[in-house]
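Protein chains: 2
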Amino acid sequence: MRATIIHGERDVRVEDVPDPVLATGPEASGRDAIVRVVAACVCGSDLWPYRGVRPTEEPRRIGHEFVGVVEEVGAAVRTMQPGDFVIAPFVISCGECINCVNGITTSCLHGGGWGSEGEEGFADAGQGERVRVPLADGTLVVVPGTPAAELIPSLLALSDVMPTGHHAAVSGGVREGSTVAVVGDGAVGLSAVLAAKRLGASRIVAMSRHEDRQRLARELGATDVVPERGDEGVERLHAMFDGIGPDVVLECVGTEESMDQALRSARPGGQVGFVGVPAGGPELPIRQLFSTNVGVRGGVAPVRTYIDELLAEVLDGSLDPGRVFDMEVPLDDVAEAYRAMDERRAIKVIVRP
Amino acid sequence: MRATIIHGERDVRVEDVPDPVLATGPEASGRDAIVRVVAACVCGSDLWPYRGVRPTEEPRRIGHEFVGVVEEVGAAVRTMQPGDFVIAPFVISCGECINCVNGITTSCLHGGGWGSEGEEGFADAGQGERVRVPLADGTLVVVPGTPAAELIPSLLALSDVMPTGHHAAVSGGVREGSTVAVVGDGAVGLSAVLAAKRLGASRIVAMSRHEDRQRLARELGATDVVPERGDEGVERLHAMFDGIGPDVVLECVGTEESMDQALRSARPGGQVGFVGVPAGGPELPIRQLFSTNVGVRGGVAPVRTYIDELLAEVLDGSLDPGRVFDMEVPLDDVAEAYRAMDERRAIKVIVRP
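From first to last, the protein sequence lines stand for chains A and B. Our numbering puts the first residue of the first sequence at 1, with every later residue one more than the last. Our numbering puts the first residue of the second sequence at 354, with every later residue one more than the last.
Put into structure tokens, the structure is as follows:
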């Protein structure tokens with residue numbers, strides 16, 4: 001089959017790789033499934049190795065967001081059968097260990113990542129034609145029936161960006177009436193705007209200096225747009241909210257500057273919900289947190305835990321997280337998807353095998 | 354009058370200072386009160402300057418926890434009158450600004466600290482015979498009636514340690530059924546045990562290696578005691594809670610070691626509630642927080658916000674936070690109070706003018 005391999009900085013290629021097969025033999029648990037990928041996408045975090053910020057030691061599979069149709073299941077798989085449409089969260093999880101039971105599926109004691117070897121063998125990455133999914137019952141979410149084609153982008157968004165934006169909002173403690181600022185206007189930041197709106201925020205400020213993203217942010221629920229950053233951004237936010245800042249700031253970037261801005265923007269006693277993958281730091285200034293009582297909570301989003309709740313709303317048409325996709329390419333053109341996101345020509349790109 | 358002055362490392366003295374008087378003149382707001390101190394105490398944070406960790410640039414008044422009787426009030430004071438018994442939180446607050454309305458009285462836009470000049474003039478420190486209290490309505494809490502002598506320690510504990518332990522527990526998200534570990538066996542750590550118990554924690558581990566404090570911790574609600582620290586302490590806690598650690602860790606020390614231990618002890622998705630005054634750091638490791646989804650929240654406790662709720666239980670006899678006091682000295686012997694706490698001969702010392 002064909003699958004995407006990253007070779008190094010700005011070098012992703014689609015190549016022939018072995019077809020995935022169910023594990024066999026006496027040690028096979030029978031808990032795996034083979035999924036034909038219907039749609040995958042490129043994540044902002046895929047750009048770190050693409051840009052060389054995180055070096056690629058040797059060529060490896062890439063892609064951790066996909067939806068598809070189950071083709072085969074192992075003997076022990078209970079919750080799905082061939083033909084089922086499934087959403088794959090960006091982390092593999094067993095669904096049974098204490099961390100999964102606690103809802104922190106990203107800390108699953110038996111799980112792992114796409115495109116790598118794990119406790120139950122190799123899992124293909126998402127940007128390819130097919131994927132062997134270990135721990136299929138714990139990992140995959142079955143979508144009832146056969147979803148309409150126009151629902152695919154929103155279902156795909158449930159594999160990462162929408163639940164990640166939701167995790168930022170939940171971690172930030174957004175509730176009915178909260179005032180919220182969102183740092184970051186990528187797909188996750190825009191999803192966080194949507195998530196904050198969904199949780200009842202009364203005012204949502206999108207921090208963005210790109211006109212198309214500002215417009216989309218407003219369509220997704222932002223009540224205000226602030227293009228300023230750094231000190232000026234902090235001052236603008238303070239001025240907008242009683243001179244002290246909003247209740248909650250959602251940090252959806254992961255740089256030192258964005259976290260600093262988030263921490264200084266939240267009001268005393270407020271909270272920063274963060275999901276930006278920390279790109280080399282920074283460490284958090286404890287004395288500042290101590291004196292302001294601003295809390296910090298977040299991290300790698302336990303997407304699997306959130307999908308059921310969000311899926312119901314996608315299926316009844318009340319939630320449309322697929323709007324963050326603004327470009328689509330066939331699998332063979334995956335390099336163009338990376339380029340478009342790297343150059344910020346696209347917010348998020350669907351890749352169709 | 355007599356009041357405590359810190360001159361430098363291990364040098365506190367009781368000296369004659371001017372009697373406090375209500376502000377007069379055309380610029381006086383009339384919002385101050387004069388309080389005769391009935392009982393004060395020494396805080397763990399007073400030991401930082403006492404030990405020279407924070408240098409004392411010039412002699413200054415010290416003490417920020419006291420209860421007493423109102424002797425005089427300014428013309429604009431509405432909620433108290435001479436003869437009223439009052440509790441003074443460790444920070445002065447107006448009760449009317451946006452941060453006070455939000456309950457973060459420690460970030461009051463007009464408040465300040467004891468023993469220093471503020472927007473509304475000088476406020477005496479607590480370890481003395483009398484105190485001029487600016488912004489009396491916002492700052493002081495009136496205790497109804499005339500409290501019995503045996504209630505004084507528990508009322509005094511409401512000026513700082515009990516609400517601070519409560520703030521740790523609230524910031525850590527302790528609720529019915531939570532599993533909790535408390536790092537620190539000083540008066541605040543012990544108060545945090547009591548606070549966690551009060552909020553319904555199902556299991557509370559006191560981290561302590563001192564037999565008398567272990568015993569008191571158990572009496573206040575600890576179900577387990579762990580004397581180990583560092584890596585061994587973390588391992589013990591993990592082993593006690595499904596191999597992953599408790600839901601919540603309350604950090605009540607403020608050193609790099611204690612915060613590190615707290616962060617590594619909490620389960621994935623857990624929370625660290627912290628109130629230990631950060632002694633020079635550390636900064637928080639963002640990648641560790643990101644990968645574990647452990648949240649961090651806390652800081653300088655907005656005591657004023659919590660007193661009403663806790664006072665009701667002290668008055669009806671269901672809450673006895675005064676048990677953390679294990680020594681009492683007259684004001685003239687305040688130096689002995691500092692020595693006893695510095696040498697950990699005493700947990701917390703009442704000072705009686």
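Think of the CB as a built atom: it goes at the ideal place given N, C-alpha and C, for glycine as much as any other residue.
So is Pro-408 (chain B) buried or exposed if we call it buried at 16+ other beta carbons inside 10 Å? With fewer than 16 Cβ atoms within 10 Å of its Cβ, Pro-408 (chain B) is classed as exposed.
Cβ-based contacts, 8 Å cut-off: residues of the region 588-617 of chain B near chain A: Per Cβ criterion, the list reads Asp-595, Gly-596, Ile-597, Met-612.
Looking at C-alpha atoms only, which residue of B:Gly-466, B:Gly-525, B:Gly-583 is the closest neighbour of Val-649 (chain B)? Measuring C-alpha to C-alpha distances from Val-649 (chain B) to each of B:Gly-466, B:Gly-525, B:Gly-583 identifies B:Gly-525 as the nearest.
Taking C-beta to C-beta, are Val-170 (chain A) and Ala-148 (chain A) nearer than 9 Å? No.
Assigned secondary structure, Cys-450 (chain B) (DSSP; H/G/I helix, E/B strand, else coil): Judged by DSSP in its simplified three-state form, Cys-450 (chain B) adopts coil rather than helix or strand.
Residue environment, Ser-446 (chain B), which counts as buried when at least 16 other CB atoms sit within 10 Å: So Ser-446 (chain B) ends up on the buried side.
Ser-618 (chain B) and Pro-599 (chain B) look like a contact to me (Cβ under 8 Å); what is the Cβ gap, rounded to whole Å? Going by Cβ atoms, the distance from Ser-618 (chain B) to Pro-599 (chain B) rounds to 7 Å, so yes, they are a contact pair.
Determine contact between the region 71-87 of chain A and the region 383-402 of chain B, defined as no fewer than three beta-carbon pairs at a distance below 8 Å. Contact between the region 71-87 of chain A and the region 383-402 of chain B is absent, with fewer than three C-beta pairs closer than 8 Å.
Residue environment, Thr-24 (chain A), which counts as buried when at least 16 other CB atoms sit within 10 Å: Counting Cβ neighbours within 10 Å, Thr-24 (chain A) comes out exposed, since fewer than 16 surround it.
Listed from N- to C-terminal order along the chain, which residues in the region 283-301 of chain A have their beta-carbon within a distance smaller than 9 Å of any beta-carbon of chain B? Result list: Glu-283, Leu-284, Pro-285, Ile-286, Arg-287, Leu-289, Phe-290, Ser-291, Thr-292, Asn-293, Val-294, Gly-295, Val-296, Arg-297, Gly-298, Gly-299, Val-300, Ala-301.
Using a threshold of 9 Å, state whether the C-beta atoms of Thr-458 (chain B) and Gly-468 (chain B) are closer than that. No Cβ-Cβ contact shorter than 9 Å links Thr-458 (chain B) with Gly-468 (chain B).
Take the Cβ of Ala-428 (chain B) as the centre, count every other Cβ of all protein chains shown within 10 Å, and call the residue buried at 16 or more, exposed below. Ala-428 (chain B) comes out exposed.
Please name the residue or residues paired with Thr-179 (chain A) in a DSSP beta bridge. Partner(s): A:Arg-203.
What residue range does the beta strand (DSSP E) around Thr-56 (chain A) cover? Thr-56 (chain A) -> no beta strand (DSSP E), and no H or E assigned at all.
is_contact[Val-630 (chain B), chain A] using C-beta, thresh 9 Å: Chain A, which has a Cβ nearer than 9 Å to the Cβ of Val-630 (chain B), makes this yes.
Does the distance from the C-beta atom of Tyr-659 (chain B) to that of Arg-363 (chain B) stay below 9 Å? The Cβ atoms of Tyr-659 (chain B) and Arg-363 (chain B) lie no closer than 9 Å to each other.
Measuring alpha carbon to alpha carbon, tell me which of B:Leu-684, B:Gly-537, B:Ala-654 ends up nearest Gly-456 (chain B). Taking each of B:Leu-684, B:Gly-537, B:Ala-654 in turn and checking the Cα distance to Gly-456 (chain B), the smallest one comes out for B:Ala-654.
In chain order, which alpha helix (DSSP H) runs of at least 4 residues are fully inside the region 419-487 of chain B? The region 419-487 of chain B contains, as complete alpha helix (DSSP H) runs of 4+ residues, the segments 451-454 (chain order).
Let me see if you follow: with CB-CB separation under 9 Å, is Thr-106 (chain A) close to chain B or not? Yes, Thr-106 (chain A) counts as interfacial toward chain B.
At least three beta-carbon pairs within less than 8 Å, the region 197-208 of chain A to the region 176-185 of chain A: Output reads yes: the region 176-185 of chain A touches the region 197-208 of chain A.
I need the DSSP call for Thr-4 (chain A), collapsed to helix, strand or coil. In this structure, Thr-4 (chain A) counts as strand in the three-state DSSP scheme.
So Arg-36 (chain A) is in the beta strand (DSSP E); what residue range does that whole segment cover? Under the DSSP assignment, Arg-36 (chain A) falls in the beta strand (DSSP E) whose first and last residues are 33-41.
What does the alpha-carbon distance come out to for the pair Asp-673 (chain B) and Val-546 (chain B)? Cα-Cα distance, rounded: 12 Å.
Determine which residues share a DSSP beta bridge with Val-349 (chain A) and list them. Looking at the DSSP assignment, Val-349 (chain A) forms a beta bridge with A:Met-327.
Any C-beta of chain A sitting closer than 9 Å to the C-beta of Gly-456 (chain B)? Using a CB distance cut-off of 9 Å, Gly-456 (chain B) counts as an interface residue toward chain A.
Beta-ladder partner(s) of Gly-626 (chain B), from DSSP: Note: Gly-626 (chain B) sits in a beta bridge opposite B:Leu-603, B:Arg-650.
Per-residue contacts from Ser-171 (chain A) into chain B (C-beta, under 9 Å): Residues of chain B with a Cβ closer than 9 Å to the Cβ of Ser-171 (chain A) are, in chain order, Asn-646, Gly-648.
Please check if any C-beta of chain A sits within less than 9 Å of the C-beta of Ile-451 (chain B). Interface residue, yes.
By a C-beta neighbour count over all protein chains shown, 10 Å radius and 16 as the cutoff for buried, is Gln-127 (chain A) buried or exposed? Residue environment: Gln-127 (chain A) is assigned as buried (16 or more neighbouring CB atoms within 10 Å of its CB, all protein chains considered).
Taking Gly-622 (chain B) as the query, report the chain A residues whose CB atoms sit under 8 Å from its CB, ordered along the chain. Correct list: Asn-99, Asn-102, Gly-103, Ile-104, Ser-107, Pro-302.
In the DSSP assignment, the beta strand (DSSP E) including Arg-366 (chain B) goes from what residue to what residue? The continuous beta strand (DSSP E) containing Arg-366 (chain B) extends over residues 364-369.
Three-state secondary structure (DSSP) at Leu-637 (chain B)? Strand at Leu-637 (chain B).
Considering only their Cβ atoms, is the gap separating Ser-460 (chain B) from Asn-293 (chain A) smaller than 9 Å? Yes. Within cutoff.
Give a yes or no on whether the C-beta atoms belonging to Val-439 (chain B) and Val-395 (chain B) are separated by under 9 Å. Judged by beta-carbon spacing, Val-395 (chain B) lies beyond the 9 Å limit of Val-439 (chain B), meaning their Cβ atoms are not closer than that value.
Could you tell me how far apart the beta carbons of Phe-241 (chain A) and Arg-267 (chain A) are, in whole angstroms, since I believe they sit closer than 8 Å? Rounded, the Cβ-Cβ distance is 7 Å, consistent with contact.
Check whether the Cβ atoms of Glu-57 (chain A) and Ala-40 (chain A) sit closer than 9 Å, and answer yes or no. Result no, Cβ atoms of Glu-57 (chain A) and Ala-40 (chain A) do not sit closer than 9 Å.
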